[in-house]
Every structure is written in C-alpha cells, then in structure tokens.
Amino acid sequence: MSDFMLPDLGEGLTEATIVTWNIAVGDEVTRNQAIAEVETAKALVELPSPRAGRITALHAAEGETLAVGAPLIGLEEAGAARAGGSGADSADSADAPDAPDAPAESAAAPAAPAGSAETAGSAHSADTADSADSADSADSAESTESAAAPAAPAGSAETAGSAHSADTADSADSTESAAPQRQQVLVGYGPMLPGTGRPRRRPRSFETVPYEGRSEQEAARQTPKAMPPVRRHARDLGVDLAAVRGTGPGGRILRADVDASAQGGTTAPGGAAVQDGAGSSCGRASTRRPVTGLRRETARAMADSAFTAPHASVHTTLDVTDTLERLRRTDRDGRRTSFLAAVCRAIVPAAARTPSANARFDAEAGEIELFEQVSLGVAVATERGLVVATVPDAATLEGATLTERIAEQAGKAREGTLTPTELTGSTLTVTNVGVFGVEGGVPILNPGQSIILAIGALRTQPWEHHGEVALRTVVTLTVSFDHRVLDGAEASRFLMDVADVLSDPAILLTR
C-alpha cells in the first residue's frame, strides 16, 4: 500500500481544494480513472488515478485545501498481494540450507564404484545447487568438496563433477568432466598466473577528526525545512523563512506558519497564530472573509503587475456608428458579429504594425521578448473572480465564428473548466468594461504582457459628422501599456490603428 500525493498541477499553483470525491474507501479503481474534482486558483481539474488498485484511505474531506505534495489517497495496487505471495515462496526456496551440504556429506562417505548411478546423481545435485547459490556459497562448497575429494577414487564421476563445478560455478552435467578446464579471468586484469589470487586494493588510511558541533554561523546558514510550494508562498508574501518557527513534523514550516508570520504574529507551539496587536479596526463592526482560490491568485498577479511594470495609458473616443450598421447588415442565418469580436479583429493588424504591443519584458534576462503570433485573451467576470480566457486562433477567425468562440470560452471560464493552456496562453488582453455601463477605465496589465485594451460602453451623443452636429454612437478605448516595452508614441500608434479600423472597416483592405 502506498500514498498518492497531490501532484503539481502546473503554472506555479501551490495548493488545491477538494470539491468532490468520485470514490470511497474500499472502491476498486482503474488506471487514469477520475478519482476527484479539485479547484485550483485558476480552474476546476479532474485528478486521475495513477495506478489500478483498491482505495484504502482518503486523506482529505470535501472542501479541505491541500498543499502540493501532501498525501491525497491511500492506494493498494492491483496484484500486490499475489506479488507478495510469490516473492515469499521464492525467498523460502532460496534460503533452503540443505542444498549445498548434501553433496559434501556424500563426498565424505565411503567411495562408490566409478560410474555408479548414485555417484553421478550426487555430482549433478551439487552442480545444480552451486548454480543457484551466490558467489560466497559457491566458494564455501568448493572448499568443502576439495577437502573430501581424496575419499573418492581417481576418475570417479563425482570428483570430476565437483572440480568442474568449483571452477565454473555453473550447472554442468557430470559427464562433461573430460572437457578442458576454463581458466578464471578477472575482467580488466587478464588471466591469473598459477599461485596468484585476485589483486586487492590497498586499504586507505583516514584521520579521525572529533566532531565539535556546528558553529552559530553554520546554524544560521541552514536551509529552513519547508516544501517548495510553501517556499513560493513565503516568497510571494515577502516572508523570510529563516525567521519563521515551524510547527510541522520535525520542525517543518507549514503554510499556516508563513501566513501567521505575514500577519505580524508569531506561531505558538500548538500551531495557532498569536497576533501582536488587536484584531479589530478601531472598534468598528466588520466582517472578514478569507482570500482563497481565484481571488488570492488575482490579488497576487495584480499586485505583482502594478508594482513591477511601470504603467502608462492613452485613450481615445471614436464614432463607430457606421461600423455597427455594417455589423447589422452582415448578420446572416441568425449568426452575428459582436462589437467585441470586431475590436479583436482590429487588434491583429494593429499589433502587426507595432510589434512591441505583442511582447513582454524579461527582467531576469534584460531582454524584450517579441511574440511572433498574436494570441488574444478576453477578460471574463465570474462568480469566483476575474479570469482571462485565451481565444484560440482568434487572429484567423471571421467575425461570426470569432463571436461564437469568445462566447464559448467565456462560458467555460464561468464554469471553471478552462485548461491551464487556455488560462495562460494569451499575449495581449482585451477587457470589455462597457458591459457594466461605464464609459471607460484604466486597466492593470496582465502579467507577462505589454498592452491591455479596455472597451467602454457604446453610447449615443451629439457628435460632429461631416461638418454637422448629429446623434452618433461613440465608444472610448483605453490602452494601458508597460513603459519598459513601449514608449508613448508606439502605444498611441497602436491605439489609433485600432480606432481607424473601427471607424472605417474598409481601411482593412489597405493594410
């Protein structure tokens, strides 16, 4: 029986919450059978069984959160009992003590006539036993048979068989006593000369140094006991593990210890966090809720982006009345092209004209990585929090198909069924805050990208059109960009390229 640990689910995820168990203790499972549904910070994931066998234990209840590497289930592999039984039988047969002794006693008895059946049978048994024993047993049998050899007449089958067995340690038949004797050869040294043995290494001499214990400096340099997910969690929170007292087995540092240290408290021996100050906020009544799952991942990502990438933004308001009219005229067979899909279609050629808009800043390498293809991500508001869903092949899909694909990915995001690739594969993000009725906003960059474009609400207002004031439908577009990758001129050019296409889609024919 062995424990199956919660595997690394990728993308830097350090823990998962058990949503549903599909199995119970005592159930038989097959390899790759879905045993549980777990929720990570980014999606719902089904965990497969690593092997076939019987479930012996469930190490977590539904709703409980486990760290990566923690025991998940106990699993007794199929056929383990049968394998153990056959192994015991083999061990019994291998440990039989009488096999090498029988031929020695037979050799010490009064000599039988040469060629007798008893003598030949004893010699054959000795050869077979020698082949089943280890090298040390063969050497022992060899010395015993050599001492008893004079009791048998010269030329007997037993004597020849014993000598041949001692030289080769193989199960050769006693009738092969007339075959030439093979000389022992030690690999790497060539044939041994008569009267010589195996070369032995000269023993090395070591000087014993008394252990005086670690110095204070060495103790301070000792790496704290913590699993990799806990180390990453501490790094994200800015907690020095050397200053954290572990409450786990053997002094191991747990996530709770890191959280307690991050909150400004110390960890008691029982594992409870002791706050240094009062827990209330100036005596006001309040309700606290834990930051877990997607909300915690979003908080970490947004904080990293806001305090790492120097943000800047540009925006413009444009007349999209003609574009909306064209979209209405192209609706066929109930299939329509949404304005969001039209914006995505306009982004692709704009990014091609400004390559730094489809890039990221690699601080460790000191380089700007330019992506060869545009992979669009669409921000989706869900009950669990904000998710950026990658839209595969968005750059090559026509309007109605792209509209359907965006709706499909948004639905999967709300259900929590997006794959890790669909959650992390985008290179440029679009967020449509206009669906909430606001005119615009200044979004924070998705980590690992250089631009995010926000779409405001479509609204009707007086607007100059061909020298006259008329009611037109306008929209505000805002671009936030990483100033390490783009300058204001490049970001403005990208934004105006998008705006030009949305103002007059015929421009696409010239680009």
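With full-length UniProt numbering, letter number 1 in the sequence shown gets 1, and the count goes up by one each step, no holes.
Glycine residues also receive a C-beta, built at the ideal position from the N, C-alpha and C atoms.
Counting C-beta pairs closer than 8 Å gives fewer than three between the segment 285-298 and the segment 468-481, which falls short of the contact rule.
For residue 420, the enclosing alpha helix (DSSP H) covers residues 420-424.
In this structure, residue 419 keeps its C-beta atom at 7 Å or more from the C-beta atom of residue 452.
If you draw a straight line from the Cα of residue 456 to the Cα of residue 50, it comes to about 48 Å. At least 7 Å separates the beta-carbon of residue 350 from that of residue 482. If you check the CB distance, residue 424 and residue 371 do not come in under 7 Å.
Listed as beta-bridge partners of residue 378 by DSSP are 389 and 430. Our two residues, residue 39 and residue 289, have alpha carbons roughly 18 Å apart in a direct line. For the pair residue 73 and residue 27, the CB atoms are not nearer than the 7 Å cut-off. The alpha-carbon of residue 407 is positioned some 21 Å away from that of residue 502. Contact annotation: residue 493 and residue 317 have beta-carbon atoms that are not nearer than 7 Å. CA-CA distance, residue 32 to residue 324, rounds to 49 Å. Residue pairing for residue 318: DSSP places it in a beta bridge opposite 475.
The closest CA to that of residue 246, considering only 486, 291 and 231, is found on 231.
At a Cβ-Cβ threshold of 7 Å, residue 382 and residue 360 do not count as neighbours.
A check of alpha carbon separations from residue 460 across 443, 439, 446 and 52 identifies 439 as the nearest. For residue 5, the enclosing beta strand (DSSP E) starts and ends at 2-5.
Within the same chain, and ignoring the five residues on either side of residue 365 in sequence, no residue has its Cβ closer than 7 Å to its Cβ. Under DSSP, residue 481 shares a beta bridge with 312 and 451.
In the structure shown, the three-state DSSP call for residue 409 is helix. DSSP lists 73 as the beta-bridge partner residues of residue 58. Linking residue 484 to residue 490 through their CA atoms gives a straight-line distance of about 12 Å. A check of alpha carbon separations from residue 60 across 254, 396 and 6 identifies 6 as the nearest.
Residue 459 carries a strand assignment under DSSP once its states are collapsed to helix, strand and coil.
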